[in-house]
Every structure is written in C-alpha cells, then in structure tokens.
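Going by this note's numbering, the residue at position 237 of the sequence shown is 265; the numbering climbs one at a time, nothing skipped.
Glycine residues also receive a C-beta, built at the ideal position from the N, C-alpha and C atoms.
Computed from a predicted structure; not experimentally measured.
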Amino acid sequence: MAAARGMSRASAHLVLGWSAKQARILTGGGRAEQLYSAERGFPFAPDELPHHHMLNGTTHALFREWLASGRTCERFVGVWSRPLFTNGWEESTDVDEAAFNVQTRGAFIDLRVPTARPSLGSAGSLDALAAEELRLLARQHVFCGYTLPVSAAPGAPLVCTRHHAIDWNFVGVPRARPNKWRVEMPPPGLRLGPSTAQGASGAAAAAWKEWSFALDDAGQSYYMERWARVDGDGDGAGPTLALRSCSQPDEFIVLVGDHFAFARARAGCPLLPPARADGAAPPPASLVEMVDGAVARGDLATARSWLGLAGGHGRVSAGWRIDLCTHPWLEGTQLLRSDMVAGAIVDGHAAGEVHADLRAQALVHGADNVVVIGGRPWELLDRTGLRGAEDVLHVLRA
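Dropping the structure here:
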C-alpha cells in the first residue's frame, strides 16, 4: 500500500484497522444482533431502529413532537469526550481517536476521528485525494439525530435510544438492532482527580457511562463508553441551540456553551441500494465497504461521492472556526460568519430579515421558528438560555 501524504505505512495500517476495531468493540465481537432478541429478554419494535424514521421521512415531525412533549434528556446535556470505549476484551481511548459528543436536550451530533488520520488539509477537496487516501478518509465517523429517553423508572437507570438523521456509516443497509443504552451517572460527591464528578446538591456531572442495553450470557453489558465533560460547555446549563436545514442536503448545527458541531448529509447518494439480482453479492453494509469496493474497481468517483458527508466541531469564541472535521481541508475555516446570518423568527417575533419565500419554505416542514443562514431557511429545533430572535442572532453572529 502506498503511504498517504505525510504519513508512514505503519500509521496508515493503524488507521485502516480503526473502523473494524470500533465495530468489534461496539458489537461485543460481532454478537450484538444475537443478543438483541425477545427470547433473551431484549425485544424491540421496528420504530426503535436507528434508521427507521430516517428512511420513512418522519424525523422532522417526530423530533419536533418529542421536544414539545418533554421527551428530553437534561441529565447529560453538554459536550463530551470519550476517554474509554471497551467491550471487556478490547479497548479504544482518547489516545486513539478524538471524539466530541455534543448533546442538547434532544438533538445531538457525535464525531469520532482517528488521531493517526493523515493530514490532508492541503488537498483542498475530495477530488485531490488519491485512491488510498480515500480509503483512509473512510475510517472516521459522524452521525446526528435525537436522543430519546425511553425509561426512567424511579431508582432505575435511565435508558435512551438514539434515532439517526444523518449517518456517515449508513450506505443503504439499515442497522438491525437499536442504538439503545443505559446511562450510569456518578454518585453525588464522587471525586475524579482534581474535580468533582457530581456535586451532592445535584451539580452537573463531569462524567457518565453508557452501557449497552442488551446483556451478554454473563449478564453484563457487551460494551461501555465513558464520557467526560469538555471545558467550555457551560456545564450543561446553556446556552444550547439546535438548527436543522429546511432544504436539501439535510444539515444540523448544534451549539452547547462555547462549542458547536455540524453534520451535512451527502448529496446525490440513494438512501436505499438498488434491488439485488439473484446470486449477486450483498450490497456494502458500511461506508468502509462501499469506499474500499469502489477503489478496488477503480471507481474513484463513487468513492468520493459517498465521502461527501461532512461533520465537524469548533468553538464559537474562535469565530465559529472548525477545529476538527471529516474533511480536513475545512479545519481552520469558519462554519458561520456574521454576514451569513440574515434574520430569525422565534415565537412569532422577527429580528433581521426573513423573506416571505424562505418563511413559506420553512412552513412546508412545519417549522414555526426559523433562522436564515446562507440564504437558506433553517428550523430552530431547540434552544435553552436564549430568550428570543435577538438572542439567537447574537450567538450565531458572534
């Protein structure tokens, strides 16, 4: 294998194995779908599956409905890194990947990038990447959607299910088990190094654990993720903001404290694979399979089209500059500039300019609260700590 620009062959080998290792940890060595069964006490309905609502085109209405009805997760609002991801036999840490899990009361964007990924910022675009560089770029992850609490009985751990709206790893084959997990919060007053994990008075937690909902034959979760709060997120107290584009391609912007994240869907790629002829090979089940297969055929155009999904993280105080992105050449650029944010309508009150045609376009999606960014209408899906249109514009124009 030819090494990517600025990268040793050893590092390239490490990155090429990253997604497979993540999958082994997440699935308990490939057993997750066997463990999720009614016979074992872990039944699930089709509408619990992560891509169900995305494929049915119902995420806009449902996310809005869940927020309005108070089906929200205030307990771990914040920006979280991932110091540890383990299934008992393998582990991955923040030495291996940079992770930002940006979570509002409902909407989230979750970004993971291998630390050994090549520096491809000089490429400038996907078109400038060589075949092996496309394969390396496939080994990262970003997805976004809604974190729905499904159980919080008194004394029992909170259980959440994530519903995806944009997913780096979705290439037409829906995941066959829920993205469902138990939440373990630290006990009051527990100290983690120099900081307190959670104050006795119910102060914001500095860490929490995510445990798989289904259990293995030993009665244990088959994976665990430990999340640690990142400085600058306001300790979950706000402000928070979640925006979703009312036009294609689908796009989310989520803000928590001084942090923002974004996810922008692919353009022109089908949600479902074409019908398969008898005896034909099954379609690729992951982005890695899709890109590796396309590169092996010499079809770099297909590989590039599937890598078109972009997601990243940055700080508002840095002028909305992106500091980590699935497209490395966007790092250091501004996601938003003040002149891009034209106006907003929040709770019936307007600030700035919102042209009637853009307002009408938003209403088609059922969006009452609207922000105009880059000449496009965006639904203001959720906000906390921001009173009205002026506050929203002030943050977005920072």
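Which term fits residue i, buried or exposed, when burial requires 16 or more other beta carbons within 10 angstroms of its beta carbon?
i, result
"W406", "buried"
"A38", "exposed"
"E119", "exposed"
"S273", "buried"
"W117", "exposed"
"S47", "buried"
"A270", "buried"
"P182", "exposed"
"L139", "buried"
"D155", "exposed"
"D244", "buried"
"S36", "exposed"
"G360", "exposed"
"S240", "buried"
"G285", "buried"
"D428", "In the structure as shown, the chain begins at 29 and stops at 426. Residue 428 is therefore absent and cannot be evaluated."
"R68", "exposed"
Any idea what DSSP makes of residue i, helix, strand or coil?
i, result
"L299", "coil"
"G427", "No answer is possible for residue 427: it lies beyond the span of the chain, which begins at 29 and ends at 426."
"R68", "helix"
"W348", "coil"
"A228", "In this prediction, A228 scores a pLDDT of 32, lower than 50, which makes its location untrustworthy; the coordinate-derived value is nonetheless stated afterwards. Three-state DSSP puts A228 in coil, outside helix and strand."
"S333", "helix"
"D385", "helix"
"L414", "coil"
"P216", "coil"
"G262", "helix"
"P177", "strand"
"P267", "coil"
"P78", "coil"
"L363", "coil"
"R59", "coil"
"M35", "coil"
"V43", "helix"
"A322", "helix"
"H355", "coil"
"H422", "helix"
"A370", "strand"
"R210", "strand"
"A289", "strand"
"A395", "coil"
"R205", "coil"
"A51", "helix"
"R294", "coil"
"V187", "strand"
"V170", "strand"
"V284", "strand"
"V199", "coil"
"V400", "strand"
"A233", "coil"
"A338", "strand"
"A256", "strand"
Skipping 5 residues on each side, what residues in its chain have a beta carbon closer than 8 Å to that of residue i?
i, result
"V369", "G380, V399, V400, I401, L421, L424, R425"
"L358", "A338, G340, I350"
"F136", "N129, V130, C172, G173, Y174, T175, R190, V282"
"G152", "W357"
"R52", "G58, N115, E118"
"T100", "W94, R133, G134, P177"
How about residue i: is its C-beta nearer than 8 Å to some C-beta of chain D?
i, result
"F128", "Any reference to chain D falls outside this structure, which holds one protein chain only."
By Cβ distance, which residues of its chain are closer than 6 Å to residue i, with the 5 residues on each side in sequence left out?
i, result
"Q168", "V141, T354"
"E238", "W209, E253"
"G413", "G266, P267"
"R294", "G336, L337"
"A166", "L315, V316, V319"
"G325", "The sequence given here has Arg at residue 325, not Gly. Around R325: no qualifying Cβ."
Could you name the residues of the same chain whose beta carbon sits closer than 7 Å to that of residue i, not counting the 5 residues immediately before and after it, in chain order?
i, result
"G342", "F288, W348, R349, I350, D351, L363"
"A417", "A372, I373, V374, H377, A378, A379"
"L124", "Note on identity: in this sequence residue 124 is Asp, with Leu being the wrong assignment. The answer, listed in chain order, is P142, T143."
"M82", "H192, A193"
"E61", "A204, R205"
"L162", "V319, V323, L328, A331, R332, L335"
"A390", "C274, V398, P405, E407"
"D122", "S109, R110, P111"
Open item on the list: Quick check: the region 377 to 391 against the region 329 to 344, are at least 3 beta-carbon pairs closer than 8 Å?
Closed with: Judged by Cβ distances under 8 Å, the region 329 to 344 makes no contact with the region 377 to 391, as fewer than three pairs qualify.
Open item on the list: As an exercise, report each continuous beta strand (DSSP E) stretch of at least 3 residues that is fully enclosed by the region 83 to 159, in chain order.
Closed with: Taking only runs of at least 3 residues, the beta strand (DSSP E) segments lying wholly in the region 83 to 159 are 106 to 114, 119 to 121, 125 to 131, 135 to 142.
Task: the region 211 to 218 in contact with the region 189 to 201 per 3-pair CB rule at 8 Å - done: Pairwise C-beta distances place the region 211 to 218 out of contact with the region 189 to 201, as fewer than three of them are shorter than 8 Å.
Open item on the list: Counting beta carbon pairs with one atom in the region 136 to 152 and one in the region 75 to 92, are three or more of them shorter than 8 Å?
Closed with: no
- [ ] Decide yes or no for the touch test of the region 97 to 117 against the region 256 to 265: beta carbon pairs closer than 8 Å, at least 3 of them.
- [x] yes
- [ ] Taking 8 Å as the threshold, find out whether the region 108 to 115 comes into contact with the region 88 to 96 through three or more Cβ pairs.
- [x] no
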